[in-house]
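Trainee: Residues in the sequence shown are numbered from 2 upward in steps of one, following our numbering.
All C-beta atoms, glycine included, are put in the ideal place defined by N, C-alpha and C.
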Amino acid sequence: DTLVDADVAINAYMWQNGGHSGLDQWNFVMHPVYAAKSCDPDGDYTRQWVPELAGLPSEYIHCPWEAPLSLLSSSRISLMPAQHRAQPPKEEEAGQVRRL
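1) If you drop the 5 nearest sequence neighbours on each side, which residues of the same chain put their C-beta closer than 8 angstroms to that of His63?
2) Which residues bound the alpha helix (DSSP H) around Ile11?
3) For the alpha helix (DSSP H) that contains Arg48, what are its first and last residues?
4) By alpha-carbon positions, which one of Ser71, Met31 and Leu80 ends up nearest to Glu53?
5) Please list the terminal residues of the continuous alpha helix (DSSP H) segment that includes Ser39.
6) If you compare alpha carbons, which of Ile78, Ser74 and Ala13 is closest to Val51?
7) Where does Leu72 sit, in a helix, a strand or coil, going by DSSP?
8) When you compare the CB positions of Leu70 and Leu57, do they come within less than 9 angstroms of one another, or not?
9) State yes or no: is the C-beta of Tyr61 within less than 9 angstroms of the C-beta of Ala68?
10) Three-state secondary structure (DSSP) at Glu67?
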């Protein structure tokens, strides 16, 4: 529950800064794509933990939405939201279809 080096005062101060409600607010915004490109320029970490993107070249590993559709399809990557994908029929529906 608590870190070994926990410091209540610093923790409260950091939460205030994060919420932009403290006395001394830092103008600090981290862009996830820029941060990933600087920390993982070749995409090794991303490929290890997001194997769905492993087939993409380093140029697109951190921003697959910028990759050409031909590259995405050849890498078998779909960026379509799950609610728009064709879903397999539920077991009850499949049984109803078989009975018809």
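Mentor: For this structure:
1) Excluding residues up to 5 positions away in sequence, Val34, Ala37, Lys38, Asp41, Gly44 and Thr47 lie with their Cβ nearer than 8 angstroms to the Cβ of His63 in the same chain.
2) Its alpha helix (DSSP H) spans residues Val9 to Gly19.
3) Segment Asp45 to Trp50, the alpha helix (DSSP H) holding Arg48.
4) The residue with the shortest Cα to Cα distance from Glu53 is Leu80.
5) Run containing Ser39: Pro33 to Cys40, per the alpha helix (DSSP H) assignment.
6) Residue Ile78 is the option with its Cα nearest to Val51.
7) Residue state, collapsed to three classes: helix.
8) Leu70 is not a Cβ neighbour of Leu57, given a cutoff of 9 angstroms.
9) Taking 9 angstroms as the cut-off, the Cβ atoms of Tyr61 and Ala68 count as close.
10) Collapsing the DSSP output to three states places Glu67 in a helix.
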